[in-house]
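So in full-length UniProt numbering, spot 125 of the sequence shown is number 125, and the numbers just go up one at a time.
C-beta atoms are modelled at their ideal positions from N, C-alpha and C, and glycine is treated no differently.
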Amino acid sequence: MGNNHSRGSSPSSDIPSSSISRTNSGTDIQEKSQTLLLPLEKLAKLLVQKTSEEDHVPGISCRIFTKYVFPRYFDLAQKLYKYLLGLAGPMKGGENILSQSAFKQQTEKLLTGLEETHQTDIYIKMYAEGDEITREQFNELLLAAYRLAMDFYPDGPPRTCLQLYKVLKAVVDSAFHRKDCLPVQYLSNWVSSHCPRLVVGLHRYVVHALTTTYRTLGKDQTDSGPVGLDLSTPVLEREPSFENDDNVMLPLSEVWLLATSLPLLFTKPSEHHSPDNLAAGLTSHNFVTKLLGSICPSHWTLLYNSNDHGLGANRFMHHVLSYRGSTLTFLRGEGGVQFCVAASTEWKESHQYWGGDDCVVIQLLPNYQIIQKGAKLLYFNLSIRGYPKGLRAGQDQRAPCLQVDEGFNLVTFCGIPYRINSVEVWGCGSQRDRWYGRVGILPVAVDAGKETTSPAAVDAGKETTSPVTM
Numbered sequence: 001m002g003n004n005h006s007r008g009s010s011p012s013s014d015i016p017s018s019s020i021s022r023t024n025s026g027t028d029i030q031e032k033s034q035t036l037l038l039p040l041e042k043l044a045k046l047l048v049q050k051t052s053e054e055d056h057v058p059g060i061s062c063r064i065f066t067k068y069v070f071p072r073y074f075d076l077a078q079k080l081y082k083y084l085l086g087l088a089g090p091m092k093g094g095e096n097i098l099s100q101s102a103f104k105q106q107t108e109k110l111l112t113g114l115e116e117t118h119q120t121d122i123y124i125k126m127y128a129e130g131d132e133i134t135r136e137q138f139n140e141l142l143l144a145a146y147r148l149a150m151d152f153y154p155d156g157p158p159r160t161c162l163q164l165y166k167v168l169k170a171v172v173d174s175a176f177h178r179k180d181c182l183p184v185q186y187l188s189n190w191v192s193s194h195c196p197r198l199v200v201g202l203h204r205y206v207v208h209a210l211t212t213t214y215r216t217l218g219k220d221q222t223d224s225g226p227v228g229l230d231l232s233t234p235v236l237e238r239e240p241s242f243e244n245d246d247n248v249m250l251p252l253s254e255v256w257l258l259a260t261s262l263p264l265l266f267t268k269p270s271e272h273h274s275p276d277n278l279a280a281g282l283t284s285h286n287f288v289t290k291l292l293g294s295i296c297p298s299h300w301t302l303l304y305n306s307n308d309h310g311l312g313a314n315r316f317m318h319h320v321l322s323y324r325g326s327t328l329t330f331l332r333g334e335g336g337v338q339f340c341v342a343a344s345t346e347w348k349e350s351h352q353y354w355g356g357d358d359c360v361v362i363q364l365l366p367n368y369q370i371i372q373k374g375a376k377l378l379y380f381n382l383s384i385r386g387y388p389k390g391l392r393a394g395q396d397q398r399a400p401c402l403q404v405d406e407g408f409n410l411v412t413f414c415g416i417p418y419r420i421n422s423v424e425v426w427g428c429g430s431q432r433d434r435w436y437g438r439v440g441i442l443p444v445a446v447d448a449g450k451e452t453t454s455p456a457a458v459d460a461g462k463e464t465t466s467p468v469t470m
């Protein structure tokens, strides 16, 4: 994520950009630390006052910290408090109580100058509560990240995702390799490789809560949550339909999980939802939804669904090749296997491998993992003679990791063929990319007696990348 979402005249000007940026110089960290000091000092003073009034003990108690800073996220507050207490140690004469100075010191360290990999280390340690982490503890972390994203869904929390258990199980099973527990550092490395932005949303929310709660703490306010607010995190775009929604098969939990793994090209907010275009004077709750806006993509639009449009290579070409932006192709096969092919550029028919550095091949089910990523990863050919037919993905052109035959009947992964049950393609580009897709720039179009050639066909004739090998 790495984008600075706190620019402009937002109400959370106390939040330094360094707390949510990917890298910072030593000078920047020092300057932003001073900016952090004031809101953290105010919060610590108020929490000490509340602890004295309600719990009749010195310092800051866990109950007060949870009640006033994270009232809607009890488990997250408990984990965070125990983590801070473990770093600072309890105050003298106060068992399991943070002193005011220790609270300020540890929260400042937590919020200042953390890269995404360091954030991952911290939150895995936070949920592990030791040198090892269990499957159940990792599942708790996944649920916390997912629920936070869903709480800031537009028009209130969405309906329950029936596939959530299966999706989370795929992540846990893939990471743990049938083990009951893992070293914290091993799991942190795995998450950084396969779900690098898993905890970014959690950390951004923690930053926001710790640096803005002092404004409302002690005031009579009812925490109504994000329902009814003008949020900017819609997940998927769908045209109004009275048909069965089951035909649109992409579960909400998969969208969230992919947003933690895919390059920002696929998940960054569209131009319409960009935080840079916000008007001044946002409320605090509105600001946090903008801050968390990249937890879920805001602009995916359905291009092709084999359940509605028919399963076949020609149907795939008709609905997808005219779209000019990045796309996600979901392949679902027998036995519950599922794959995602992320194309950073428009699809085209060619005898050569193509694609930018952001191309990715992901296995979603039954195990979740990034299989391969990088440039020149994709291949699609149905009509060019003398070259392999079908769809291929992989860095080894002689043995691609994923293959789809020209009839779109079988998908082969690691040499094992699976019969294809369905194919679904979502566009991730800008409004202009969508316009091209809807118009459908195809070779059959004729304007005033002149044949209009598909841009994909033109590009195929100008390829400079390495040709595919048989």
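Check: Using only CA atoms, which one of Q163, L187 and Y323 lies nearest to T172?; Outcome: Here residue 172 is Val; the residue named in the question, Thr, does not match the sequence. Closest option to V172, Cα to Cα, is L187.
Check: Could you tell me the distance, in whole angstroms, from the CA atom of K82 to the CA atom of M150?; Outcome: 25 Å
Check: For S326, tell me which candidate among L311, V341, C428 and L264 has the shortest Cα-Cα distance.; Outcome: C428
Check: For the segment 301-321 against the segment 400-409, do three or more pairs of beta-carbon atoms, one drawn from each stretch, fall closer than 8 Å, so that the two count as touching?; Outcome: yes
Check: Three-state secondary structure (DSSP) at N409?; Outcome: coil
Check: What does DSSP give as the partner residue(s) for Q397 in the beta ladder?; Outcome: Paired residue(s): none; Q397 is not in a bridge.
Check: Which one of I362, P417, K373 and V404 has the shortest CA to CA distance from residue 476?; Outcome: With the chain covering only 1 through 470, there is no way to say anything about residue 476.
Check: Could you give the C-beta distance for T66 and Q49, rounded to a whole number, given that I count them as a contact under 8 Å?; Outcome: Not quite, the Cβ-Cβ distance comes to about 16 Å (not below 8 Å), so this is no contact.
Check: Have a look at the DSSP bridge pairing and note the partners of L84.; Outcome: Bridge partners of L84: none, in fact.
Check: Locate the beta strand (DSSP E) running through T112, then write down its first and last residues.; Outcome: No beta strand (DSSP E) holds T112; DSSP gives it neither H nor E.
Check: Near L265, which residues of its chain fall below 7 Å by C-beta distance, leaving aside the five closest residues on each side in sequence?; Outcome: S326, S344 and D358
Check: In whole angstroms, give me the CA-to-CA distance for Y146 and R385.; Outcome: 47 Å
Check: Ends of the alpha helix (DSSP H) at L198?; Outcome: No alpha helix (DSSP H) holds L198; DSSP gives it neither H nor E.
Check: Terminal residues of the continuous alpha helix (DSSP H) containing V137?; Outcome: Here residue 137 turns out to be Gln, not Val, going by the sequence shown. Start and end: R135 to D151.
Check: For F70, which residues from the same chain have a beta carbon less than 8 Å from its beta carbon, with the 5 sequence-adjacent residues on both sides left out?; Outcome: L76, A77, L80 and A209
Check: Looking at L364 and W426, is the spacing between their C-beta atoms short of 7 Å?; Outcome: no
Check: How long is the line joining the alpha carbons of G355 and R332, rounded to whole angstroms?; Outcome: 22 Å
Check: For a test of the three-state rule: what should DSSP assign to S174, helix, strand or coil?; Outcome: helix
Check: Please report the distance separating the alpha-carbon of L391 from that of S322.; Outcome: 17 Å
Check: Under three-state DSSP, which class holds Q221?; Outcome: Note on Q221: pLDDT 47, under 50, position unreliable in the model; the coordinate value appears next. Q221 falls in the coil class under three-state DSSP.
Check: At a cut of 8 Å, does the segment 102-117 reach the segment 128-142 through at least three beta carbon pairs?; Outcome: no
Check: In terms of residues, what are the limits of the beta strand (DSSP E) holding W426?; Outcome: I416 to G427
Check: By the 10 Å Cβ neighbour count, where 16 or more other Cβ atoms means buried, how is D121 classified, buried or exposed?; Outcome: buried
Check: Between which two residues does the alpha helix (DSSP H) holding F65 run?; Outcome: C62 to V69
Check: DSSP on F163, reduced to helix/strand/coil?; Outcome: Contrary to the premise, residue 163 reads as Gln rather than Phe in this sequence. Residue state, collapsed to three classes: coil.
Check: Would you tell me roughly how many angstroms separate the C-alpha atoms of L143 and F152, rounded to the nearest one?; Outcome: 14 Å
Check: Compare the beta carbon distance of A393 and L377 with 7 Å and say whether it is the shorter of the two.; Outcome: yes
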